[in-house]
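The structure appears below as structure tokens.
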């Protein structure tokens with residue numbers, strides 16, 4: 001299948017987020033949800049952003065498209081093809097959203113309008129971004145629905161969102177997102193609400209379409225299995241920061257941040273010994289207002305020592321286009337994270 | 344945990360050995376229309392389900408949305424009355440027992456839901472949340488109930504000092520611990536966990552799964568563990584039942600069932616979870632097509648036949664019955680019967 005053939009990537013990244021800080025106002029004053037996040041997505045590349053709730057992964061994705069509800073970018077830049085999106089007016093932003101960057105969400109019901117038929121919504125999206133007669137747009141909508149695997153696409157044009165299953169609604173969202181052949185698709189937990197057999201179908205569809213449309217993807221997920229299956233590179237978030245990034249296969253096989261390693265160990269897999277307790281991570285993610293000093297993970301880290309409670313780790317570059325925010329890497333040498341892996 | 348290998352076949356064990364024995368359980372919900380609420384059809388949410396749980400055993404119930412697994416949970420606890428079939432709990436038939444006679448049995452069975460905070464009254468303290476079942480059952484009140492609530496909190500890894508706080512002041516994982524403490528207050532023999540860890544973050548999910556394991560060992564609890572995550576179910580369960588559109592299509596010991604699934608639906612579920620981030624194993628592709636049809640209009644014959652890659656004539660008209668598919672295993676598939684001649 002073409003999806004598995006590696007495609008050449010251009011040198012300059014399509015999307016570049018630099019030192020992003022996002023604040024939300026609360027009754028007790030502003031709270032920082034994202035602290036100094038940087039990431040890049042190259043043309044046709046799939047980058048997964050993985051983390052638990054409160055890690056800042058979704059906030060980062062929304063900030064790229066300036067879709068933050070109640071939050072604001074307090075520092076940093078979002079460069080799209082060299083243009084800083086944080087300085088653009090609404091009209092210029094609207095031209096980029098949909099035309100160049102499209103987004104799909106976990107729950108399609110929040111972005112589909114319940115009052116309009118599926119066909120109407122796809123036709124609208126098509127005509128908003130390209131000159132097309134209603135009739136041509138309708139024909140194109142049928143093609144798109146067929147392409148995303150919607151059974152009986154012509155009849156489905158007249159269906160309303162509530163008449164569709166969750167998987168079908170996500171297919172409609174993907175059809176709308178692809179209507180204008182965007183160069184980047186941001187997918188926020190696109191399969192989390194779906195049944196596993198449907199999740200497999202949707203991930204496969206996204207993979208195929210990406211190859212076909214030469215679209216890059218920024219995939220936000222909490223599921224390391226989804227990362228393993230889809231991503232070229234992975235960026236691991238913890239408590240509003242990037243704690244590790246690198247080629248997905250390398251990071252998953254040989255994590256360099258203790259949090260990444262612990263996250264992988266905590267999920268029961270097919271081979272997990274049922275006689276042994278799971279390797280749980282103690283405690284919970286600290287709330288933004290009560291971040292511990294030093295490394296934000298040190299209170300839960302099995303490998304923490306004195307310095308971790310005192311010194312704030314940087315994202316230290318490692319060999320193999322990787323980096324980890326852990327003091328063990330301060331000298332720049334990779335130290336394997338001690339886990340029960342392979343035992 | 345009890346050893347699955349030592350468990351007898353799902354058919355043939357003496358009935359008095361089981362804590363729970365469900366036989367041919369059926370629940371149909373009427374579909375009504377108009378102001379007269381005329382019945383125009385039925386949703387066959389549970390369509391002839393049989394399984395057993397021994398004392399101290401964990402039986403996993405997996406299935407996707409519309410499979411009827413949560414309806415089974417509510418029937419077992421008699422939060423719903425079945426349309427037909429039998430539910431024997433601790434040796435008593437409870438399928439149609441009137442509410443009054445159910446009261447003493449209710450002590451012995453509890454449930455933990457997916458989202459505990461929404462099931463708590465926000466004005467109740469943790470202490471009242473936990474002692475409510477004790478007082479409702481007339482087991483204990485006042486200081487005695489409070490002392491018990493403190494013990495239960497310590498048991499689930501919280502502190503008796505948390506008794507006067509409110510549930511919304513706790514994280515999701517801690518709130519689930521409070522829900523477990525409440526469920527254990529009446530000293531049940533059976534705990535139904537309905538997607539109890541599904542909404543939790545990975546790191547917290549592992550903590551709660553470990554807690555459930557420890558409680559089972561300490562209190563000799565039996566679990567009916569309902570979830571859609573096959574790996575989680577395999578990890579906690581001695582035996583697993585796989586549901587599809589209201590029926591159990593396959594059941595057997597957890598490890599064998601997932602390592603070597605016999606029913607085509609179980610095979611596709613197992614293939615869908617095959618991706619293992621640590622070993623780099625990718626999911627097998629294109630194993631199953633389509634989506635689960637509506638339980639109000641299930642396909643005839645085998646419910647799975649429209650999506651099954653192996654379906655043949657008989658599958659479209661004849662409902663497959665459970666046939667032996669290895670030690671302690673059954674599968675409801677015409678092909679399993681054919682191929683193995685069992």
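Residue numbers (this note's numbering), protein chains in the order written: chain A, 1 to 343; chain B, 344 to 685.
Virtual Cβ for every residue (Gly too), placed ideally from N, Cα, C.
These figures come from a predicted structure and were not determined experimentally.
Residue 536 (chain B) by DSSP, collapsed to three states: which one? strand
Look at the alpha carbon of residue 112 (chain A) and the alpha carbon of residue 121 (chain A), and state the distance between them as a whole number of angstroms. 8 angstroms
Mind checking residue 195 (chain A): buried by the 16 CB within 10 Å criterion, or exposed? buried
Does the contact criterion of 3 or more C-beta pairs under 8 angstroms hold for the stretch 358-372 of chain B versus the stretch 393-403 of chain B? Cβ pair count under 8 angstroms is three or more, so yes.
Identity of the residues DSSP links to residue 370 (chain B) by a beta bridge: B:389
Looking at C-beta atoms only, is the number of pairs between the stretch 190-207 of chain A and the stretch 631-651 of chain B that lie closer than 8 angstroms three or more? yes
Please name the residues in the stretch 531-544 of chain B whose beta-carbon is closer than 7 angstroms to at least one beta-carbon of chain A, in chain order. Result list: 544.
For residue 156 (chain A) and residue 506 (chain B), what's the separation of their Cα atoms in angstroms? Going by the C-alpha atoms only, they are around 54 angstroms apart.
Reducing DSSP to helix, strand and coil, say where residue 648 (chain B) ends up. helix
Mind checking residue 444 (chain B): buried by the 16 CB within 10 Å criterion, or exposed? exposed
Rounded to whole angstroms, how far is the Cβ of residue 218 (chain A) from the Cβ of residue 184 (chain A), which I believe are closer than 8 angstroms? At roughly 7 angstroms, the Cβ-Cβ gap stays under 8 angstroms, so residue 218 (chain A) and residue 184 (chain A) are in contact.
Let me see if you follow: with CB-CB separation under 7 angstroms, is residue 53 (chain A) close to chain B or not? yes
For chain D, check one thing: does any of its Cβ atoms lie closer than 7 angstroms to the Cβ of residue 415 (chain B)? The chain labelled as chain D is not found among the protein chains of the depicted structure, namely A and B.
Taking the alpha-carbon positions, what's the residue 586 (chain B) to residue 27 (chain A) distance? 47 angstroms
Select from A:311, A:106, A:306 and A:274 the residue whose C-alpha is nearest the C-alpha of residue 221 (chain A). A:106
CA-to-CA distance, residue 261 (chain A) to residue 4 (chain A), given in whole angstroms: Because the pLDDT at residue 4 (chain A) is just 43, under 50, the model does not fix this residue reliably, and the value given afterwards should be weighed accordingly. The alpha-carbon atoms of residue 4 (chain A) and residue 261 (chain A) are separated by roughly 27 angstroms.
Taking 8 angstroms as the threshold, find out whether the stretch 381-392 of chain B comes into contact with the stretch 165-181 of chain A through three or more Cβ pairs. Put simply, the stretch 381-392 of chain B does not touch the stretch 165-181 of chain A. Fewer than three CB pairs are less than 8 angstroms apart.
Within 10 angstroms of its Cβ, does residue 116 (chain A) collect 16 or more other Cβ (buried), or is it exposed? So residue 116 (chain A) ends up on the exposed side.
Coil, strand or helix - residue 189 (chain A) by DSSP: Three-state result, residue 189 (chain A): coil.
Express the C-alpha separation of residue 255 (chain A) and residue 327 (chain A) in angstroms, rounding to a whole number. Going by C-alpha positions, residue 327 (chain A) is about 15 angstroms away from residue 255 (chain A).
Which residue from A:263, A:269 and A:29 puts its Cα closest to that of residue 50 (chain A)? A:263
Measuring CB to CB, does residue 522 (chain B) end up less than 7 angstroms from residue 455 (chain B)? yes
Contact criterion: CB-CB distance below 7 angstroms. Does residue 272 (chain A) meet it with respect to chain B? yes
Segment limits, alpha helix (DSSP H) that includes residue 470 (chain B): 469-479
For the stretch 395-422 of chain B, enumerate the residues whose C-beta is nearer than 7 angstroms to any C-beta of chain A, in chain order. 407 and 408
Quickly, what does DSSP pair residue 687 (chain B) with across the bridge? List them, please. What is shown of chain B runs 344 to 685, which leaves residue 687 (chain B) out entirely.
For chain B, check one thing: does any of its Cβ atoms lie closer than 7 angstroms to the Cβ of residue 109 (chain A)? For residue 109 (chain A), not one C-beta of chain B is nearer than 7 angstroms to its own C-beta.
For residue 635 (chain B) versus residue 391 (chain B), is the C-beta distance shorter than 7 angstroms? no
Using Cβ-Cβ distances below 8 angstroms, what residues of the stretch 637-648 of chain B are close to chain A? Here the close residues number zero.
Given residue 9 (chain A), which residues of its chain have a CB within under 7 angstroms of its CB, disregarding the five upstream and five downstream residues? Confidence in residue 9 (chain A) is poor, its pLDDT being 47 and thus under 50, which makes the residue's placement unreliable; the coordinate value appears in the next sentence. Excluding sequence neighbours, residue 9 (chain A) sits near 42, 43, 44 and 45.
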